[in-house]
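Undergrad: Right, I'll just put the structure down here and ask away after.
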Amino acid sequence: MRILIADDDQTMRLMLSGILAKMGYSVAEACDGREALDLLTVEEAPRLAILDWKMPLLDGVGVVRRLRAMPEHQSTYIIMLTSKSSSDDVVEALDAGANNYLVKPFNAAELKAHIEVGRRMIAAETALAAKNAELQEALDHIRTLRGIIPICAVCKKIRDDKGYWNQVEEYVSKHTEAEFSHGICPGCAHSFYPDIYPPSTAVVL
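Start counting at 1 in the sequence shown, then tack on 504, and there's your number in this note's numbering.
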């Protein structure tokens, strides 16, 4: 996973980069808020960012507010880094859309704990998105049964999306959770077995 570090203090960026590298993460760096916002809104942007509150051009809170205004960037995990520690400052950062808050000075263990929380959140959101995609695919398959289905007028086989012809039972089973119980209708029973089944008899096997 790639993590963005945004801080106008080069020494702080070097320290954070060193800790994250030892944890096995790749790092992207920004020295001001506008650069940070640009890096967080590109395709395949970092999923986690550590933003300093006070930066030139655009502060950390401003970056978060603008990022959260974009529907496609709601899930980026943001850790706000600052020397401010009052409850009002914490509330302001979280209200802007930050996920977590780290007060300077801090040690490597604190940073690692905050990063691990973010990593778990991202992993959970990724798994949820994958599950939602599976459910959507299943719904799309079910919806195909509501449209026009090509069916042979003679043998009653159904053509699937790949051009293969399937028995009705096979096609329906692939696209739904339906199970079949084979039987014989009264008309067929009388036609094939007239001596056994009168016209009004229904048989279920």
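The C-beta atom is built at its ideal place from N, Cα and C for all residues, glycine as well. The model shown is predicted, which means the values in this text are computed figures rather than measured ones.
#1: Using three-state DSSP, classify tyrosine 675 as helix, strand or coil.
#2: Can you grab the Cα-Cα spacing for the pair lysine 588 / leucine 632, in whole Å?
#3: Please go through the segment 573-638 and give each complete beta strand (DSSP E) segment of 3 or more residues, from N-terminal end onward.
#4: With a Cβ-Cβ cutoff of 8 Å, do aspartate 556 and threonine 580 count as a contact?
#5: Closest to valine 546 by CA distance: which of Ala532, Lys558, Thr515 and Ile554 is it?
#6: Between alanine 510 and methionine 574, is the Cβ-Cβ spacing less than 8 Å?
#7: Go ahead and label alanine 706 buried or exposed: buried means 16 or more other beta carbons lie within 10 angstroms of its beta carbon, across all protein chains shown.
#8: Do glycine 601 and histidine 569 come within 8 Å of each other at the CB atom, strictly closer than that value?
#9: Which term fits tyrosine 605, buried or exposed, when burial requires 16 or more other beta carbons within 10 angstroms of its beta carbon?
#10: Under DSSP, the alpha helix (DSSP H) around alanine 693 begins and ends at which residues?
#11: Are there 16 or more other CB atoms within 10 angstroms of the CB of histidine 686, so buried, or fewer, so exposed?
#12: Just to confirm before moving on: does the CB-CB distance between leucine 544 and leucine 520 stay below 8 Å?
#13: Please list the terminal residues of the continuous beta strand (DSSP E) segment that includes aspartate 699.
#14: Comparing C-alpha positions only, which one of Ala549, Glu539 and Gly667 sits nearest to aspartate 563?
#15: To which residues of the same chain is serine 695 closer than 6 Å at the C-beta, ignoring the five residues directly before and after it?
#16: What would DSSP say about serine 521, mapped onto helix, strand or coil?
#17: Where does leucine 561 fall in DSSP's three states?
TA: On the basis of the data shown:
#1: Collapsing the DSSP output to three states places tyrosine 675 in a helix.
#2: Distance between the alpha carbons of lysine 588 and leucine 632: 34 Å.
#3: 581-586 and 604-607
#4: Cβ distance not < 8 Å, so aspartate 556 and threonine 580 don't count as in contact.
#5: Ala532
#6: no
#7: Its pLDDT being 48, under 50, alanine 706 is placed unreliably in this model, and the value from its coordinates should be taken loosely. Exposed, because fewer than 16 other Cβ atoms sit within 10 Å of the Cβ of alanine 706.
#8: The amino acid occupying residue 569 in the given sequence is arginine; histidine does not appear at that position. Yes. Within cutoff.
#9: buried
#10: 690-696
#11: Around the Cβ of histidine 686, a 10 Å sphere holds fewer than 16 other Cβ atoms; the residue is exposed.
#12: no
#13: Looking at the DSSP string, aspartate 699 is not in any beta strand (DSSP E), and its letter there is neither H nor E.
#14: The candidate whose alpha carbon is nearest that of aspartate 563 is Glu539.
#15: none
#16: helix
#17: coil
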